[in-house]
Amino acid sequence: MSNSTQKRKILPLAEMQPTMTNFSTVVLIISKSSPNLFLDKLSGNERGVITLTVRDSISHITNCTCWGQKSCVDEYDAMLHIGDAVDIVGAKVMSLSMPHEPRYQPRATLSCALTVNEGSGHIVRHDTNDTAVKALQQLIHKPHKPLGSALNLVEVCSGIGLQERLINAYVDLLVVVAAVRPLRELKRKLTPSHGKDNGLLQCLELIVIDASYPDGMLLSLWQAEWIRRAQYWEPRRTVLHLIDVRISYSDYYRCPVLNHAACTLIYENPQAAGGDCDALLSFVATVPLKNFEQSVLTDLQDLPTACEIQSQMTTKQIYSRAEGELCNPANDRFTAVLYCMVTKFDIDGFSMNTSKKCTTCQRLIPRNQNDCTSEACQLVFSLESNEPRHSSFININIELSDQTGTLIESRLSGHVAERVMGIKTDDFQRLSERERTGLKWRFLLKYFEVKLLIRKPAGMRKNLSAIVVDMQEIALNKLVEKIAVF
-9 MSNSTQKRKI LPLAEMQPTM TNFSTVVLII SKSSPNLFLD KLSGNERGVI
41 TLTVRDSISH ITNCTCWGQK SCVDEYDAML HIGDAVDIVG AKVMSLSMPH
91 EPRYQPRATL SCALTVNEGS GHIVRHDTND TAVKALQQLI HKPHKPLGSA
141 LNLVEVCSGI GLQERLINAY VDLLVVVAAV RPLRELKRKL TPSHGKDNGL
191 LQCLELIVID ASYPDGMLLS LWQAEWIRRA QYWEPRRTVL HLIDVRISYS
241 DYYRCPVLNH AACTLIYENP QAAGGDCDAL LSFVATVPLK NFEQSVLTDL
291 QDLPTACEIQ SQMTTKQIYS RAEGELCNPA NDRFTAVLYC MVTKFDIDGF
341 SMNTSKKCTT CQRLIPRNQN DCTSEACQLV FSLESNEPRH SSFININIEL
391 SDQTGTLIES RLSGHVAERV MGIKTDDFQR LSERERTGLK WRFLLKYFEV
441 KLLIRKPAGM RKNLSAIVVD MQEIALNKLV EKIAVF
C-alpha cells in the first residue's frame, strides 16, 4: 500500500455516499475499457478517459472512470490490468441515477460509481506483499450472478431466427472456448480523436459452445485488454461466464453472433457452487468438436481414402444434399464421385495458388502477414530464431462441370494437389509463366473422375467446400458410359 493511501481512511465500496469527494478504497480490476482520447477545445490539449470495473466482494461491483491528460490515461492503460489489486485514492463518488442504461460500461451492483480526476486523485497498484491481496484476487473467478441463470446457446439462436435482425440484445451465457482464431487487423476511418493512431483496429474471433449447441457461435473481442488475455484461453478447457454479451445477426456469416460490448463482463473459469462448469467440461470432453477454423488447412486433415469414396452424384445432387431439399442436418459432411469437365483451373496470371501455414500451430496465415500473430507462437519463434516460421502449400480453386451444373467451391490443395499435378510446392512456386500455362492445359477442359469430400455450410462456415481427394483423367467414351448408366 502506498504511503499516501496509508494516511487516508480506506473504505469498502459498500460505504460509498454521493456526497463523498475524497474516497479511498482497495479493489480488484475485473474489466478495463480501451482509452478514449479527445481534444480539449478550451486548452487545445489532448485528454482522455479510461474506465475500470472494480469489486471488493462477491456482491459489490462498480465502475471507476479516470480522466486526465493523454499521458496520464496512457500511463493507467499501460500499468493497470484485469486481475490487478489497486488502491484508488482521492476519488469522487457519483450517484447512478440510471444504473442499467445506457450500456456504455458494465452494470454496477451498487448505486454509486467513482471518478478519479488527474491532480485530485490517482490509482496505483496495491502492495503485493499484503497478505489480504490474495483473497481479493480470487474474486476474478467468482461471478456475482448465478451460473444457473445463464441462457443456453440454442435458446439464443432460436430466439433470433434467420429472418430476424435482432440488434443490441444482451444475454448471459455459460460456454466453453472451442477455438481461438488468428488475430485480425481491420482498417477504420480515422477521426481527430485518434490522434496518431494508425487506423488499424484489432479483432480476435473465438468459437464458443455449450451442451445445447456444439455447432458453436462466434464471439468477437475488440478491446486490447481482453484480446491479450484471450490468446491464452485453451480450447476445450477454458470456461467463460459471459454477462451482458451482445448478440446480433451477421449478414456475413448468415447466423447469430456474439460481440464483447462496452458493458460485457467475462469471468474466466468461474468458481461457483452447483457443478455447472464441471458438467459442461465433461460434456465437451465426450463430444468430438467440429472443425471451426476458417483455415483451408484444417479441411485437409483427416481426409478419407480415395477407395472409400464410391457414391456417384451429379453437381445438382451435391448441392441438394449440401444445402437443398436432400440436406440432412445430422451430418456435416459426405463424399461423392463426380464425372465432369474441369472448366476452371487458373494457375497462371495473377491468381494466388499457394497459402502459408504456421509451423508451430499449423494455422493459416493471412496473405498480408508474414508470421503467425499468436503470442504463444511468437514466443517459440524468439527461442528458435533460426527455424522457419511458416511453410507453403498448393491451394487452387477449381470449377467442375457436368450436365446438371457447375460446382464452383471445389479446391485442390496440399499433398493431394502435389500428387495429382505431379509437382512439389517449392517446385510449383518456381515455375515460369509459360510452364504454369502448360500445366494448366493438362487439366482445363479435360474430363475427370473426381472424388470429393463435401463439407456443408455449418456454424461459422458460411459456404460449402468441396475438397478434392483424388482425380483421374477419363476417356470420353468411359464418361458417356458412366453418365448413361447413372
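Numbered according to the numbering used here, the sequence shown spans residues -9 to 476.
A virtual CB, placed ideally from N, CA and C, is assigned to each residue, including glycine.
No experiment lies behind these values; they were computed from the predicted model shown.
query                                                                                                  : result
Neighbour-count burial assignment, Cys56, 16 or more Cβ in a 10 Å radius                               : buried
Test: Ser85 CB closer than 9 Å to a CB of chain C                                                      : Absence of chain C from the displayed structure is noted, only one protein chain being present.
Bounding residues of the beta strand (DSSP E) (the contiguous stretch that carries Asp392)             : 380 to 392
Glu423, enclosing alpha helix (DSSP H) - first and last residue                                        : 423 to 430
Close beta carbons around Ser101, own chain, < 6 Å, minus the five adjacent residues each side         : Leu86
Among Leu442, Tyr203, Glu224, Ser202, nearest to Leu196 - alpha-carbon criterion                       : Glu224
Cβ pair Leu248, Leu194 closer than 9 Å                                                                 : no
Buried or exposed (CB count within 10 angstroms, at least 16 for buried), Gly151                       : Its pLDDT being 45, under 50, Gly151 is placed unreliably by the model, and the measurement read from it follows with that caveat. Looking at its Cβ environment, which holds fewer than 16 other Cβ atoms inside 10 Å, Gly151 is exposed.
Residue range of the unbroken alpha helix (DSSP H) whose run includes Cys267                           : 266 to 276
Supposed contact pair Glu399 and Leu454 - C-beta distance, whole angstroms, cut 8 Å                    : 6 Å
Backbone CA spacing between Thr15 and Arg244 [nearest angstrom]                                        : 47 Å
Residue burial classification, Asp200 (beta-carbon count within 10 angstroms, cutoff 16)               : buried
In DSSP terms, what Trp57 is bridged to                                                                : Val39, Asn107
DSSP-derived helix/strand/coil call for Leu469                                                         : helix
Of the residues Lys430, Ile464, Ala4, the one placed nearest Ile51, counting alpha carbons only        : Ala4
Counted within 10 angstroms of its Cβ, other Cβ atoms place Ala407 as buried (16 or more) or exposed   : buried
Own chain residues within Cβ distance below 7 Å of Leu443, not counting five before or after           : Leu293, Pro294, Arg323, Thr325, Ile457, Val459
Residues sharing a beta bridge with Pro246, DSSP                                                       : Tyr239
The region 303 to 313 / the region 405 to 424 touching (three or more Cβ pairs under 8 Å)              : no
Distance between Met69 and Arg218 (C-alpha atoms, nearest Å)                                           : 14 Å
For Ala456: DSSP bridge partner residues                                                               : Ser400, Ile444
Inter-stretch contact at 8 Å, needing at least 3 Cβ pairs: the region 23 to 32 / the region 127 to 134 : no
Own chain, CB closer than 8 Å to Thr228, minus 5 neighbours either side, in chain order                : Val166, Val167, Glu258, Asn259
Candidates Val440, Asn385, Tyr437, of which the one nearest Lys414 by Cα                               : Asn385
Contact between the region 93 to 100 and the region 76 to 84 (3+ Cβ pairs under 8 Å)                   : no
Secondary structure of Glu313, DSSP reduced to three states                                            : coil
CB contact flag (Val114, Met10, <9 Å)                                                                  : no
Contacting residues, own chain, Cβ-Cβ under 8 Å from Gln127 (five flanking each side not counted)      : Leu18, Gly73, Ala75
Through-space distance from Cys267 to Arg226, alpha-carbon basis                                       : 12 Å
Beta-bridge pairing of Asn119 - partner residues as DSSP gives them                                    : Beta-bridge pairing links Asn119 to no other residue.
Residue nearest to Val274 in terms of C-alpha spacing, selected from Lys22, Tyr203, Leu42              : Tyr203
Burial state of Tyr329 (16 or more Cβ within 10 Å)                                                     : buried
One or two residues paired with Val44 in a DSSP bridge                                                 : Ile19, Thr52
Through-space distance from Leu390 to Thr396, alpha-carbon basis                                       : 6 Å
Cβ-Cβ separation, Pro172 to Cys362 (assumed contact under 8 Å), whole Å                                : 7 Å
Proximal residues to Ser240 (C-beta, below 6 Å), its chain only, five neighbours per side dropped      : Val247
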